[in-house]
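The next block holds one structure in the form of structure tokens; read it before the comments.
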Amino acid sequence: MMRKIIATLMTALAFSPLAQAVEFNRIQADKSTLVFVYKQMGVPVDGSFNKFAAQLSFDPAKLSTARAVLDLDVTSIDTGSEEGNDEVATKAWFNSKAFPRAKFESASFKALGGNRYEVTGKMSIKGRTQTVTAPFTLNQQGSNAIVDGAFVLKRADFAIGEGSWSDFGTVANEIQIKFHFIAAAAK
Amino acid sequence: MQYLQQLEFGNRYTKTAISLHWLMAILLVCLFAVGIYMHELPLSPWKLQVYSWHKWAGVTAFILVLVRLAWRFTHRPPPLPINMSRSAEIAAHAGHALLYTLMIAIPLTGWLMSSAKGIQTVYFGILPIPDLLAKNKELGSLLRDVHEILNFILAALVIGHIAAALKHHLMDKDDILTRMLPQRKR
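Heads up: the sequence lines are chains A and B, in that order. Going by our numbering, the first sequence runs without a break in its numbering and finishes at 198. Going by our numbering, the second sequence runs without a break in its numbering and finishes at 561.
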């Protein structure tokens, strides 16, 4: 009798939406955004990466196997002006002819409590790789996960903005990257 | 009556009005020259710096014109010479009204342009001036053109203003020019 109750309870738990571990692995590129904010003469200015692909394999219950890969097309950077877009493609900035892609690959995830997590991984831009850590929130909405996070990237670590641009007085070293991903649950 | 009025108010602008006028003159010449110079510059840290300085100076000019207007409304300017024709008087008043209008409209279009181009104006890099418009590329280039056209109208008007002052001084031999000049210490 006791065994039967336990078995029923476990079956119920396994099928209840709360206990069920869901893996979100299909990023919806059209609904996701990757933007950045940098300071120019003390003025915050927004820009965005318009082309990127992200792979996400994330199960809140199994963080050790979670994995995220972000592949972004640096030629798709929109700084808000044509002049700016031409400039960031040059050797002093992204050198996008030689390095058309930037990549982030997660190494580990950490739960920060509630819906908050932290990912650490390798960021490669312009042939340089650095470890970056980004906190994010993950909220479930229907069968989708909404991932929102931000981190600060120091452009000097990746030689983004060399020569006359290397002075942080005009364009600050800190670039804030903000991501908003919508990932659908695995089928 | 005219004589009495002139005695009462003197025939000179107040020292404050004279200082504000010449401060504005220097600012406008610099702003105009820098504006012409900077928009052709290739993108560089120098360009970003010059743009910021131009914006800060523009905000300063906007504050200055408001101060000037406040001063003018509370301190009556000396009357025009009695021998001026009615049409010359109308032209003088219209010219000044237009100068003030442009001194207000030009910094406003600059401010709106900055907002539309997505680069907020932060006065001296410290005081953020709210964006009245959201980022909009088309609107940004339209405002840029308006800002430029208004500036060329102002430049033409300033040349007319100077020509009129010289005409009064050299041909009419009245005090229109000298009453706005800083007074020499005796």
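Ideal Cβ positions, reconstructed from N, Cα and C, are used throughout, including at glycine. Fair warning: this is a prediction, and the values are worked out from it, not measured in the lab.
Leaving out five residues on either side along the sequence, give the residues of the same chain with a beta carbon under 6 Å from the beta carbon of Phe47 (chain A). Here the question's residue 47 (chain A) lines up with position 36 in the first sequence. These residues qualify, in order along the chain: Gly58, Ile186, Ile188.
Between Ile457 (chain B) and chain A, is there a C-beta pair that is closer than 8 Å? The residue labelled residue 457 (chain B) in the question sits at position 82 within the second sequence. So no, Ile457 (chain B) is outside the interface.
Beta-carbon contacts of His544 (chain B) that lie in its chain and below 6 Å, excluding the five residues immediately before and after: On the second sequence, position 169 is the one that residue 544 (chain B) refers to. Closer than 6 Å at Cβ, skipping near neighbours: Leu552.
Within 7 Å of chain A by C-beta, residues of the region 398-432 of chain B in sequence order: Leu418, Ser419, Pro420, Leu423, Gln424, Ser427
Looking only at DSSP bridge pairs, what is Ile186 (chain A) linked to? Residue mapping note: residue 186 (chain A) aligns to position 175 of the first sequence, counting from 1. A:Tyr49, A:Leu164, per the DSSP bridge assignment.
What does the Cβ neighbour count give for His522 (chain B), buried or exposed, with the cut at 16 atoms within 10 Å? The residue given as residue 522 (chain B) occupies position 147 in the second sequence. With 16 or more other Cβ atoms within 10 Å, it is buried.
Neighbour list for Ile494 (chain B) in chain A, Cβ cutoff strictly below 8 Å: Numbered from 1 along the second sequence, position 119 holds the residue referred to as residue 494 (chain B). What Ile494 (chain B) touches in chain A: Gln51, Val54, Val56, Gly91.
With DSSP as the reference, label Gln380 (chain B) as helix, strand or coil. Here the question's residue 380 (chain B) lines up with position 5 in the second sequence. With a pLDDT of 47 at Gln380 (chain B), under the threshold of 50, the predicted position of this residue should be treated as unreliable, and no value is reported.
Can you name the start and end residues of the beta strand (DSSP E) that Phe206 (chain A) belongs to? Summary: the structure shown does not reach residue 206 (chain A), with chain A confined to residues 12 through 198, and so no result is reported for it.
Between which two residues does the alpha helix (DSSP H) containing Arg443 (chain B) stretch? The sequence position of residue 443 (chain B) within the second sequence is 68, counting from 1. Looking at the DSSP string, the run of the alpha helix (DSSP H) that includes Arg443 (chain B) is 420-449.
Could you tell me the distance, in whole angstroms, from the CA atom of Asn386 (chain B) to the CA atom of Leu487 (chain B)? For the purposes of this step, residue 386 (chain B) is taken as the residue at position 11 of the second sequence. For the purposes of this step, residue 487 (chain B) is taken as the residue at position 112 of the second sequence. Roughly 40 Å between the two C-alpha positions.
At a Cβ threshold of 8 Å, is Val497 (chain B) touching chain A? If you number the second sequence from 1, residue 497 (chain B) lands on position 122. Val497 (chain B) counts as touching chain A.
Pairs of beta-carbons, one from the region 177-186 of chain A and one from the region 396-403 of chain B, closer than 8 Å: are there three or more? no
At what residues does the alpha helix (DSSP H) containing Glu173 (chain A) begin and finish? Counting from 1 along the first sequence, the entry for residue 173 (chain A) is found at position 162. Looking at the DSSP string, Glu173 (chain A) is not in any alpha helix (DSSP H), and its letter there is neither H nor E.
Figure out for me which residue from A:Ala170, A:Glu173, A:Leu83, A:Ala145 has the closest Cα to the Cα of Gln66 (chain A). For the purposes of this step, residue 66 (chain A) is identified with residue 55 of the first sequence, where counting begins at 1. The shortest C-alpha separation from Gln66 (chain A) is found at A:Leu83.
Ordered list of alpha helix (DSSP H) runs contained in the region 466-548 of chain B, each at least 4 residues: 512-545
What residue range does the alpha helix (DSSP H) around Ala408 (chain B) cover? Position 33 of the second sequence, counted from the start, is the residue given in the question as residue 408 (chain B). Start and end: 390-413.
Find out if the Cβ-Cβ distance for the pair Tyr128 (chain A), Lys121 (chain A) is shorter than 8 Å. Here residue 128 (chain A) is taken as the residue at index 117 of the first sequence, counted from 1. Here residue 121 (chain A) is taken as the residue at index 110 of the first sequence, counted from 1. In contact: Tyr128 (chain A) and Lys121 (chain A) (Cβ atoms closer than 8 Å).
Can you list, in chain order, the residues of the region 161-186 of chain A whose Cβ is nearer than 9 Å to any Cβ on chain B? Ser175, Trp176, Asp178, Gly180, Thr181, Val182
Closer than 8 Å at the beta carbon, the chain B residues around Asn98 (chain A): For the purposes of this step, residue 98 (chain A) is identified with residue 87 of the first sequence, where counting begins at 1. It should be noted that the sequence gives Glu, not Asn, for residue 98 (chain A). The answer, in chain order, is Leu418.
With a threshold of 16 other CB atoms inside 10 Å of the CB of Tyr426 (chain B), please say whether the residue is buried or exposed. Here residue 426 (chain B) corresponds to residue number 51 of the second sequence, with the count starting at 1. By the neighbour-count rule (16 or more Cβ atoms within 10 Å), Tyr426 (chain B) is buried.
Roughly how many angstroms separate the alpha carbons of Ala72 (chain A) and Ser516 (chain B), rounded to a whole number? Taking the first sequence and counting its residues from 1, the one referred to as residue 72 (chain A) is at position 61. Taking the second sequence and counting its residues from 1, the one referred to as residue 516 (chain B) is at position 141. Each residue's Cα considered, the two are about 51 Å apart.
What does the alpha-carbon distance come out to for the pair Phe499 (chain B) and Leu406 (chain B)? Counted from its first residue, the second sequence places residue 499 (chain B) at position 124. Counted from its first residue, the second sequence places residue 406 (chain B) at position 31. Cα to Cα, Phe499 (chain B) sits roughly 15 Å from Leu406 (chain B).
How should Pro482 (chain B) be labelled, buried or exposed, when 16 other C-beta atoms within 10 angstroms of its C-beta is the threshold for buried? By one-based count along the second sequence, residue 482 (chain B) stands at place 107. Its Cβ being crowded by 16 or more others within 10 Å, Pro482 (chain B) is buried.
How would you list, in chain order, the residues of chain A whose beta-carbon sits under 9 Å from the beta-carbon of Ala542 (chain B)? If you number the second sequence from 1, residue 542 (chain B) lands on position 167. Looking at the sequence itself, residue 542 (chain B) is Lys, so the reference to Ala does not match. The contacting residues do not exist; Lys542 (chain B) stays about 43 Å from chain A at best.
Spatial distance of Ala171 (chain A) from Trp104 (chain A) (CA atoms): Reading the first sequence from its first residue, position 160 is the one you call residue 171 (chain A). Reading the first sequence from its first residue, position 93 is the one you call residue 104 (chain A). Residue 171 (chain A) is actually Ile in this sequence, not Ala. Their backbone Cα atoms lie some 5 Å apart in a straight line.
Start-end ranges of the beta strand (DSSP E) lying completely within the region 125-153 of chain A, minimum 3 residues: 127-136, 139-152
What are the start and end residues of the alpha helix (DSSP H) that includes Asn96 (chain A)? For the purposes of this step, residue 96 (chain A) is taken as residue 85 along the first sequence, with counting starting at 1. Counting along the chain, the alpha helix (DSSP H) containing Asn96 (chain A) begins and ends at 93-99.
Between Glu116 (chain A) and chain B, is the shortest Cβ-Cβ distance under 8 Å, so that the two count as touching? The residue given as residue 116 (chain A) occupies position 105 in the first sequence. Chain B contact via Cβ: absent.
8 Å contact criterion, which Phe60 (chain A) and Ser92 (chain A) should meet: CB distance rounded: Taking the first sequence and counting its residues from 1, one reaches residue 60 (chain A) at position 49. Taking the first sequence and counting its residues from 1, one reaches residue 92 (chain A) at position 81. In fact, because the Cβ distance is near 16 Å, the residues do not count as touching under 8 Å.
My understanding is that Asn155 (chain A) touches Ala100 (chain A), with C-beta atoms under 8 Å, so please give their C-beta distance in whole angstroms. As a first step, residue 155 (chain A) must be located in the first sequence, where it is residue number 144. As a first step, residue 100 (chain A) must be located in the first sequence, where it is residue number 89. Not a contact, Cβ separation roughly 34 Å.
Between Glu94 (chain A) and chain B, is the shortest Cβ-Cβ distance under 8 Å, so that the two count as touching? Looking up residue 94 (chain A) in the first sequence gives position 83. Closer than 8 Å: yes.
I need the straight-line Cα distance from His429 (chain B) to Leu395 (chain B), nearest angstrom please. Here residue 429 (chain B) corresponds to residue number 54 of the second sequence, with the count starting at 1. Here residue 395 (chain B) corresponds to residue number 20 of the second sequence, with the count starting at 1. Going from the Cα of His429 (chain B) to the Cα of Leu395 (chain B) covers about 19 Å.
Under 8 Å by beta carbon: chain A residues contacting Gly500 (chain B): Indexing the second sequence from 1 puts residue 500 (chain B) at position 125. Neighbours of Gly500 (chain B) on chain A, chain order: Met52, Gly53, Val54.
Chain A beta carbons: is any one of them nearer than 8 Å to that of Lys548 (chain B)? By one-based count along the second sequence, residue 548 (chain B) stands at place 173. Not an interface residue.
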